[in-house]
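Everything below concerns the one structure shown next.
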DNA sequence: AGGCTAGGTTGGCAAAGCCAACTCACGCCT
DNA sequence: AGGCGTGAGTTGGCTTTGCCAACCTAGCCT
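Protein chains in written order, with the numbering used here: chain C, 47 to 188; chain P, 47 to 188.
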């Protein structure tokens, strides 16, 4: 049996980013949010839940606390993505793309682009970098 | 602001598959599970929650109820993936791959393969099908 | 000193999840 | 026909999580 395996990477990933709000917090972080109040204003999330999510993401190494200081203000903590956090953009984009293709009445507000402006999409690719259609791909517990 | 937009595809997708257990139910479905008791045995999920998740996935068009009958048994309902459901394999694989690369002490138990057995991975690709590194990709609210 | 503001923490309540026990529908066996 | 076994849920009671609103805490500024 595949099982709810304790160190299976999918199970762990789901425990972490599958909690309510976590995906959306990461999306805002990727879109440039760094401060508590920014996340709060953009998402309308309760402040205690936001504090809990940010703390968990910091603990897990997806975000890093980084203090900043605006002129004439006391220093404050901000949250910025680590490399691991930045790389969830692939997952986020895959999910958004799936929703866009398969859920009714949805529009993807965010488009993912390479540095040079090319629109990119998420696909399965084989070892040589050739695209493989999703319908031809199957999980294989081996 | 990007906002918790009501018809943003990511928000809708998160509402649907971001609920606890839903991702794992879909993984088991992709791995071949079709019956209530199979999902239950593989995941150890409470039966009322499983019933709710399956019903929601059917409602959303990711699973379809299909009655089957084993010899000498009464007909029963099974759940099988629709095309939309099958295509979440891209999202699932992206998430598992991310966990495998960025979470400590994890192993991906499930490997995704094309029909001919080639191991595949999830990547960003541009319009011509060329792979773009995740670090070069950024969201763009346009 | 007193006020302002970002960034939280705390308390009370509602919703969701978990577990175990129960039901329901049907085929089988006698 | 009647009782049994089994898959597929449903129901009841408790626990956990989430939500909202109110409160607290620095440090800066006047």
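Don't be surprised by glycine CBs; every beta carbon is placed ideally from N, CA and C.
Residue i versus residue j - alpha carbon distance
i                      : j                      : result
residue 160 of chain C : residue 151 of chain P : 31 Å
residue 99 of chain P  : residue 67 of chain P  : 8 Å
residue 83 of chain C  : residue 95 of chain C  : 13 Å
residue 77 of chain C  : residue 116 of chain P : 52 Å
residue 129 of chain P : residue 103 of chain C : 33 Å
residue 164 of chain C : residue 173 of chain P : 8 Å
residue 126 of chain P : residue 57 of chain P  : 25 Å
residue 53 of chain C  : residue 177 of chain P : 30 Å
residue 71 of chain C  : residue 122 of chain P : 41 Å
residue 183 of chain C : residue 110 of chain C : 36 Å
Residue i, buried or exposed, once every other Cβ within 10 Å from all chains shown has been counted against 16
i                      : result
residue 119 of chain P : exposed
residue 101 of chain C : exposed
residue 48 of chain C  : Below a pLDDT of 50, predicted positions are generally treated as unreliable, and residue 48 of chain C, at 43, falls in that range; no measurement from the model is reported.
residue 187 of chain P : exposed
residue 73 of chain P  : buried
residue 185 of chain P : buried
CB contact below 8 Å: residue i versus chain P
i                      : result
residue 69 of chain C  : yes
residue 116 of chain C : no
residue 141 of chain C : yes
residue 96 of chain C  : no
residue 121 of chain C : no
residue 132 of chain C : yes
residue 152 of chain C : yes
residue 206 of chain C : Because chain C is modelled from 47 through 188, residue 206 of chain C falls outside the range shown and cannot be assessed.
residue 92 of chain C  : no
Short CB-CB distance (under 8 Å) between residue i and chain C
i                      : result
residue 102 of chain P : no
residue 72 of chain P  : no
residue 170 of chain P : yes
Supposed contact pair residue j and residue i - C-beta distance, whole angstroms, cut 8 Å
i                      : j                      : result
residue 166 of chain P : residue 171 of chain C : 6 Å
residue 124 of chain P : residue 81 of chain P  : 5 Å
residue 145 of chain P : residue 55 of chain C  : 4 Å
residue 59 of chain C  : residue 135 of chain P : Incorrect: roughly 15 Å between the Cβ atoms, too far for contact.
residue 147 of chain P : residue 156 of chain P : Actually they do not touch by this definition, with Cβ atoms about 15 Å apart.
Residue i - partner residues in DSSP beta bridges
i                      : result
residue 185 of chain C : P:158
residue 127 of chain C : C:109
residue 170 of chain P : C:168 and P:178
residue 54 of chain C  : P:153
residue 122 of chain C : C:114
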